[in-house]
Amino acid sequence: MLFYSFFKTLVNKEIAVELKNDVALTGRLHSVDQYLNIKLLETKVVDAERYPQLTSMTSVFIRGSVVRYIQIPKADVDVDLLQDAARKQNTSSQP
430 MLFYSFFKTL VNKEIAVELK NDVALTGRLH SVDQYLNIKL LETKVVDAER
480 YPQLTSMTSV FIRGSVVRYI QIPKADVDVD LLQDAARKQN TSSQP
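In terms of my numbering, the sequence shown opens at residue 430 and continues consecutively.
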C-alpha cells in the first residue's frame with residue numbers, strides 16, 4: 430500500500446517507465462491502481478528508432494507486472510514523507 434499511496438501523489442507528473450521487454454516510455458501519469466497498473470498520457474517512446482510501431486501512441490495502459498522500473502524526477506519525491514510512511518508501516522506490522 431505504501432507504493433500505491435506514493436504513486437497517487439505523482440498523478441499529472443512526468444515519469445519514465447522501463448518495461449521488462451526493454452521498451453522505455455515517458456509520459457504524464459494519469460492514474461495508478463492498487464496493483465500498480467499505470468496509465469500514461471502524452472506518451473513518447475524513448476528509443477523511437479528501435480520501436481517505430483509505438484511512436485503513434487498518445488496514451489498507454491501498462492500492467493504493473495511488466496514494469497522493470499519507474500524513474501521519477503528528484504524534485505517530485507518528498508523523501509521525508511516517504512521515510513515517515515515506511516517507518517509507520519514497519520512499526521504497525523510488527524507483532
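Think of the CB as a built atom: it goes at the ideal place given N, C-alpha and C, for glycine as much as any other residue.
Quiz item: Do you know whose CA, among S521, T455, V489, L510, lies nearest N466's CA?
Solution: Start at 1 with the first residue of the sequence shown, and residue 466 comes out as number 37. Ranking S521, T455, V489, L510 by Cα distance to N466 puts V489 first.
Exercise. Starting from L431, trace the alpha helix (DSSP H) both ways and give me its first and last residue.
Key: Numbered from its first residue, the sequence shown carries residue 431 at position 2. It spans 431–437 - the alpha helix (DSSP H) in which L431 sits, taken as one unbroken run.
Exercise. Please name the residue in M486, R479, K503, P481 whose C-alpha comes closest to that of L470.
Key: What you label residue 470 is simply residue 41 of the sequence shown in a count that begins at 1. Comparing Cα positions, the closest option is M486.
Self-check item: Nearest-angstrom Cα separation, counted from T520 out to K449
Solution: As a position in the sequence shown, residue 449 is number 20, starting the count at 1. As a position in the sequence shown, residue 520 is number 91, starting the count at 1. Each residue's Cα considered, the two are about 33 Å apart.
Exercise. Express the C-alpha separation of T455 and G493 in angstroms, rounding to a whole number.
Key: The residue given as residue 493 occupies position 64 in the sequence shown. The residue given as residue 455 occupies position 26 in the sequence shown. Cα to Cα, G493 sits roughly 15 Å from T455.
Exercise. Identify the continuous beta strand (DSSP E) that holds E471 and give its terminal residues.
Key: The sequence position of residue 471 within the sequence shown is 42, counting from 1. Residues 467–474.
Quiz item: Anyone know if the C-beta pair for V474 and L483 falls short of 8 Å?
Solution: As a position in the sequence shown, residue 474 is number 45, starting the count at 1. As a position in the sequence shown, residue 483 is number 54, starting the count at 1. Yes; because the gap between Cβ atoms is below 8 Å, this pair is in contact.
Quiz item: What do you get for V461, buried or exposed, if any count of 16 or more other CB atoms within 10 angstroms of its CB means buried?
Solution: Taking the first residue of the sequence shown as position 1, residue 461 is located at position 32. Burial of V461 is indicated by the presence of at least 16 other C-beta atoms within 10 angstroms of its C-beta.
Quiz item: Going by beta carbon distance, what residues of the same chain come within less than 8 Å of K437, once the five residues before and after it are set aside?
Solution: Here residue 437 is taken as the residue at index 8 of the sequence shown, counted from 1. Counting only Cβ-Cβ distances below 8 Å, and skipping sequence neighbours, we find V461.
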